[in-house]
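A short worksheet on the structure shown next.
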Amino acid sequence: MKKAIDAFLDEHIVGKRLPIVVSLDLDNTLVIRDKGSNYINKKVKAIIKSLVSDKLIILLPNTGRDLLGFSAFSRSFLNLRNAVLYSGGLIVHNSKKYINKNSIIDRVALRHLLKGVESGQLPFVDLSYPKGRIVYYNDHALDYRDLFFAQNPRDWFKGGQLPPIRNIRRLSDKGLREVLRVEFPVIRSWVGHRLLFERLTAKTEHNISQLGRLLGVRGNDIFRNYSLKRKVFFSDKYDKHDLIFARLSKLTTFVNKGIGLKEWLARAKISSSNHIILHIGDTDAGLINDTLIKQDVPDALLIMVGKKCSLNNPQVDLYLHEDAEMALVSFFDELYKKINQRK
């Protein structure tokens with residue numbers, strides 16, 4: 000692995016005195032979630048802090064996390080003022096937030112989901128928008144109240160303070176503006192849920208049409224621009240063979256990490272002619288596809304770590320097909336040495 004890293008850095012870093020932007024996936028890449036909600040290897044953490052404090056790199060978290068998850072990460076690591084969040088749906092540049100309007104869930108689709116809560120077809124929905132989160136639930140959901148916000152580790156919530164939780168009878172239009180993501184539980188034993196549960200579990204491509212059937216939506220137009228995929232949740236009380244979470248968001252043709260990175264670079268007035276742009280991710284399929292970076296930032300250098308990514312993808316510039324934590328230790332250790340050689 001060291002030889003591959005050295006060869007990559009010698010070709011793209013050594014001898015080039017351009018500033019470096021490191022666009023970096025968080026969960027299961029930099030952050031090893033099996034070891035903690037914001038666990039980062041100590042050596043990697045120390046090297047990145049040195050690189051950032053010495054202004055040798057610009058660190059740009061490029062993640063599926065929302066502001067809640069980003070804030071939790073920043074509290075435990077570095078107080079960062081830049082990020083690409085919601086897999087490109089929200090840009091943070093110099094602490095100012097910019098929404099990709101193409102990522103917003105439209106009112107018609109949102110209304111159908113909320114009607115599903117009103118009618119009892121869905122127990123509750125968790126709406127995520129730039130200013131926070133809110134859960135709307137019905138009376139049936141009270142048996143599942145311990146699942147509210149269970150899609151995230153509890154220590155992400157500062158001081159243990161949860162976002163607002165409201166009965167669907169108290170629905171307010173204020174919470175429906177600029178919603179970027181909707182998540183809800185799919186319960187195998189509930190009427191109408193079984194087929195959707197099975198499709199989400201099998202990771203099929205036709206989940207969204209099954210959601211339409213569950214909600215009684217006629218035609219394919221309302222949800223045609225959306226994807227529905229399985230989302231992890233954190234609770235030992237529920238058997239994951241009986242209950243899972245689903246995440247509704249815009250298709251990657253409308254919003255993805257590459258679109259987000261391109262927008263952030265534009266706001267920062269950074270291009271591949273005046274900076275070296277690296278992106279480090281861990282997967283090229285599933286809920287979040289890091290190789291989409293190349294579609295919008297073709298000059299970015301793409302590094303894939305861990306064993307979830309497919310090999311021989313022509314868009315990938317460097318594979319570190321090892322344990323993600325150890326791969327990043329090796330990569331950042333060598334990067335630090337090579338950057339210092341340029342001085």
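FYI, the numbering for the sequence shown is 0 to 342, going by numbering that gives the first Met the number 0. For every residue, glycine included, the Cβ atom is placed at its ideal position computed from N, Cα and C. As the structure is a prediction and not an experimental result, all values here were calculated from the model.
Terminal residues of the continuous beta strand (DSSP E) containing residue i?
| i | result |
| --- | --- |
| M325 | Looking at the DSSP string, M325 is not in any beta strand (DSSP E); the run it does join, the alpha helix (DSSP H), is 323-340. |
| E182 | 180-186 |
| I57 | 56-60 |
| L301 | 300-304 |
| L89 | 89-92 |
What separation, rounded to the nearest whole angstrom, lies between the Cα atoms of residue i and residue j?
| i | j | result |
| --- | --- | --- |
| P122 | K249 | 22 Å |
| N137 | N99 | 31 Å |
| I279 | V315 | 10 Å |
| G215 | V190 | 13 Å |
| V43 | S329 | 9 Å |
| P184 | K2 | 46 Å |
| K48 | S86 | 24 Å |
| Q160 | N37 | 18 Å |
| N311 | R16 | 30 Å |
| V304 | T290 | 12 Å |
| Y225 | T200 | 18 Å |
| G131 | Q340 | 44 Å |
| K202 | V13 | 42 Å |
| L26 | E117 | Note on identity: in this sequence residue 26 is Asp, with Leu being the wrong assignment. For D26 and E117, the distance between alpha carbons rounds to 34 Å. |
| P318 | N166 | Correcting the residue type first, residue 318 is Tyr in the shown sequence and not Pro. So the two alpha carbons sit approximately 48 Å from each other. |
| G158 | A71 | 11 Å |
| I243 | P152 | 16 Å |
| K230 | K239 | 11 Å |
| Q120 | V134 | 16 Å |
| Q209 | L109 | 16 Å |
| H205 | K337 | 47 Å |
| I275 | V91 | 20 Å |
| P313 | R32 | 28 Å |
| L126 | L213 | 19 Å |
| K256 | N288 | 8 Å |
| P297 | S270 | 11 Å |
Let's test the definition: count the other Cβ atoms within 10 Å of the Cβ of residue i and tell me whether it reaches 16, buried, or not, exposed.
| i | result |
| --- | --- |
| T28 | buried |
| E324 | buried |
| L194 | exposed |
| L293 | It should be noted that the sequence gives Lys, not Leu, for residue 293. Classification of K293: buried, given that the 10 Å Cβ count is 16 or more. |
| R144 | exposed |
| D322 | exposed |
| G88 | buried |
| R64 | buried |
| S102 | buried |
| A45 | exposed |
| L59 | buried |
| G35 | exposed |
| E182 | buried |
| D24 | buried |
| R254 | Before going on, a small fix: residue 254 reads as Val here, not Arg. So V254 ends up on the buried side. |
| S188 | exposed |
| H192 | buried |
| A6 | exposed |
| R74 | exposed |
| S94 | exposed |
| N61 | buried |
| D241 | exposed |
| A326 | buried |
| R198 | buried |
| V83 | buried |
Can you tell me whether residue i is helix, strand or coil according to DSSP?
| i | result |
| --- | --- |
| N101 | helix |
| L77 | coil |
| R132 | strand |
| H274 | coil |
| A82 | strand |
| R169 | helix |
| D125 | strand |
| D316 | coil |
| V254 | coil |
| A140 | helix |
| R266 | helix |
| V13 | coil |
| L247 | strand |
| K307 | coil |
| G63 | coil |
Would you give the residue range spanned by the alpha helix (DSSP H) that residue i belongs to?
| i | result |
| --- | --- |
| I47 | 41-52 |
| V116 | 106-118 |
| I19 | Counting along the chain, I19 falls outside any alpha helix (DSSP H), though it belongs to the beta strand (DSSP E) covering 19-23. |
| I31 | Note, I31: premise wrong, no alpha helix (DSSP H); not H, not E. |
| K293 | 292-295 |
* Asked: Mind pulling the beta strand (DSSP E) runs of 3 or more residues that sit fully within the region 190-243?
  -> 225-230
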